[in-house]
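**Q** Mind having a look at this structure? Questions to follow.
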Ligand code: ADP
Ligand code: TRP
């Protein structure tokens, strides 16, 4: 039997090429070897997104994003977190096994408290959704018997907490009620740099949206910050932001030949940006077309997610039943 891979993406904003190369592409690669269960973490998003129109649009955009990048809903169980009510039942059960002190140590919560240090109130702006975030995430994972959880490094702590909570449950009942998951962090997945050289992130306003129209894509690439080296001067590809982005989209031979042109001199940054635009647009234009078609049919998208939820719920229900039985409340 294949092992189970599970991951979620929060519907808090539009996808950028950092999400594509850092999360979506590697997860789709894993789906060839694992039984994959991928979902949209819309209740996690609710912690920060309070505008209903924005949230519902965002959910569809993330769904269309995965599908246009190649997710096959016949092969992957693909659903919305909010369609699985068992998630919230399991969350409540897990709360009983989660030390408050463990939640106090969660990075996201700690940094929110840290930001409040200069205010009189350490709890300012912190809702219970942020505080209990790791328990909801543990329920997402434990409900579906995940063996591995592909995530970025920033999420490693949440997976460790999930394993700790599950172990506390199993220890209490002296049996394997819940499967202990492991984070799957691919070291070779590069941190995709943004237009200003920092990590690409929607919080830094330095990202290239995955589905930017062609003109916008070109405009953003032309905005990449460069130094004042003249055209004739040889350039070092490895230290060039343009080249780092180029590598993500280009074939091996293309990478080698562009690196050669950098080193030979005679190529200006404008030309290097044109080359980057060409390969980026080559990969992204078919995705963009599929994305537009999916977004034009919201009922179709909703139907795909509803079918996914139908497949997911019996798995979730079995876990909850197992837990209730072990707990003496079946
Ligand atoms: P953002 O930083 O834009 O808010 P998220 O935290 O929502 O992005 O990330 C969603 C997924 O995309 C995570 O798995 C994260 O590791 C991955 N990811 C985000 N930005 C990058 C990046 N610049 N390079 C590689 N992976 C990234
Ligand atoms: N917390 C994750 C993030 O911010 C999203 C997420 C929610 C998740 N539930 C999950 C990821 C379960 C993996 C498994 O990126």
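Numbering (the working numbering), first residue to last: 1332 to 1661.
Even glycine gets a Cβ: it sits at the ideal position worked out from N, Cα and C.
Would you kindly check if the distance between the Cβ of residue 1414 and the Cβ of residue 1372 is under 8 Å?
**A** Taking 8 Å as the Cβ cut-off, residue 1372 and residue 1414 do not qualify as a contacting pair.
**Q** My assumption, with CB atoms under 8 Å, is that residue 1481 sits in contact with residue 1404. Please give the rounded CB distance.
**A** With a Cβ gap of about 18 Å, residue 1481 and residue 1404 do not count as contacting.
**Q** Tell me the DSSP secondary structure of residue 1369 in three-state form.
**A** Strand, per DSSP.
**Q** Hey, out of 1642, 1644 and 1535, whose CA is closest to residue 1349's CA?
**A** It is 1535 whose Cα lies nearest to the Cα of residue 1349.
**Q** Using 10 angstroms around the beta-carbon of residue 1446, count the other beta-carbons present and answer buried if the total reaches 16, otherwise exposed.
**A** By the 10 Å Cβ count, residue 1446 comes out exposed.
**Q** Since residue 1340 sits in a beta bridge, which residues does DSSP pair it with?
**A** Answer by DSSP bridge pairing, in chain order: 1371.
**Q** Please confirm whether any heavy atom of the ligand ADP lies closer than 7 Å to the CB of residue 1485.
**A** Residue 1485 Cβ: within cutoff of the ligand ADP.
**Q** With H, G and I counted as helix, E and B as strand and the rest as coil, what does DSSP make of residue 1352?
**A** Note: residue 1352 maps to helix in three-state DSSP.
**Q** Which runs of the beta strand (DSSP E) at least 3 residues long sit entirely within the segment 1539–1604? Give them in chain order.
**A** Entirely contained in the segment 1539–1604, not one beta strand (DSSP E) run reaches 3 residues.
**Q** Is the beta carbon of residue 1470 sitting closer than 8 Å to the one on residue 1512?
**A** Against a cut-off of 8 Å, the Cβ pair of residue 1512 and residue 1470 comes out as no contact.
**Q** In chain order, what residues have a CB nearer than 5 Å to some heavy atom of the ligand ADP?
**A** Residues flagged by the Cβ proximity filter: 1349, 1350, 1353, 1354, 1483, 1522, 1523, 1530, 1531, 1532 and 1533.
**Q** In whole angstroms, what is the alpha-carbon distance linking residue 1601 and residue 1641?
**A** When rounded, the distance between both Cα atoms is 51 Å.
**Q** Out of 1529, 1376, 1597 and 1581, which one is the CA nearest neighbour of residue 1613?
**A** Residue 1613 has its Cα closest to that of 1581, out of 1529, 1376, 1597 and 1581.
**Q** Between the beta-carbon of residue 1339 and the beta-carbon of residue 1370, is there less than 8 Å?
**A** Against a cut-off of 8 Å, the Cβ pair of residue 1370 and residue 1339 comes out as a contact.
**Q** In terms of residues, what are the limits of the beta strand (DSSP E) holding residue 1513?
**A** Start and end: 1513–1515.
**Q** In the DSSP assignment, find the unbroken beta strand (DSSP E) run with residue 1411 in it and report its ends.
**A** 1408–1411 is the span of the beta strand (DSSP E), which, as asked, contains residue 1411.
**Q** Answer yes or no: do residue 1354 and residue 1407 have a C-beta to C-beta separation smaller than 8 Å?
**A** No. Outside cutoff.
**Q** Find the nearest neighbour of residue 1392 within the set 1559, 1497, 1510 and 1619, judged by alpha-carbon distance.
**A** The option with the nearest alpha carbon to residue 1392 is 1619.
**Q** Cutting at 7 Å between CB atoms, please list the residues of its own chain near residue 1399, excluding the five before and the five after it.
**A** 1618, 1621, 1622 and 1625, listed in sequence order.
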